[in-house]
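To start, the structure itself, in structure tokens.
In this note's numbering, the protein residues as written are 3 to 309.
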């Protein structure tokens, strides 16, 4: 699928060797949840997955539970799982639910409205990832957003679509820049936010110099890329774990390890206003972006002193 879009390149093959465990874990636990959705059976299997991939396993389980709820809505497995044993993985479960929604007949709005007021937008992130990866021609080449995705959900959709580009380009800076550059200027910041999340959370396929080069390529949108990395750090913190590639990305983009970046997201979350014309989630992201600019200046000053 990826080579059909970009041709044969050794770097794509190499990247997908790293991505393969992520993709396999996602799909495996989608089927695990469908095969036996009883929490007492599913949860031990999820928690047996190595910590770096466990969040992806929960994301896959979220897909499966959401699909089951679409077929048998009276059971409400997904909501019960989020409120119970999956609470530490709420954002990833929401993304998993969003990965299923493009193939469901219902509009996403009524479901999203029932969820956590701050984190519910991750459902639309998952929705955007699915469309960006599996409907490339329509979503990326034609730059179309489904008609039933409206309001702020369109921006969350672009976060997820940007995240999909990390995989569909084989994490190539040149291909990422070329693809995002084709979009209208007003959509590019959100796409770069998705790149930042994928870069920091998915399989580590790039080194620090490459991440710094990607940050430079983001230009005026580097703060949004940092926001994406901060969200990845928050995912790790919520689940009580860490990953070397998340720390690497956070060190490159923030000048500090993931656990410290996650604390910045906690501070930015304090005292958020209720949803208004601008959702609280967007206010949260704006606060994190402002912090990234401040920390970027501090890191630059430290580098100058060190030289």
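Where is the CB? At the ideal position from N, CA and C, for every residue including glycine.
Local Cβ density within 10 Å of residue i, reported as buried at 16 or more and exposed below that
i           : result
residue 77  : exposed
residue 74  : exposed
residue 296 : exposed
residue 209 : exposed
residue 43  : exposed
residue 59  : buried
residue 325 : Summary: the structure shown does not reach residue 325, with the chain confined to residues 3 through 309, and so no result is reported for it.
residue 217 : buried
Residue range of the unbroken alpha helix (DSSP H) whose run includes residue i
i           : result
residue 169 : 155-170
residue 239 : 224-240
residue 214 : 210-220
residue 250 : 246-256
residue 117 : It is not in any alpha helix (DSSP H) - residue 117 carries neither H nor E in the DSSP assignment.
residue 99  : 92-102
residue 82  : 79-85
Under the three-state DSSP convention, the category residue i falls into
i           : result
residue 1   : As shown, the chain starts at 3 and ends at 309. That puts residue 1 outside it, with no answer to give.
residue 52  : coil
residue 177 : helix
residue 147 : coil
residue 72  : helix
residue 185 : coil
residue 202 : helix
residue 267 : helix
residue 40  : coil
residue 274 : coil
residue 88  : coil
residue 197 : helix
residue 126 : helix
residue 109 : coil
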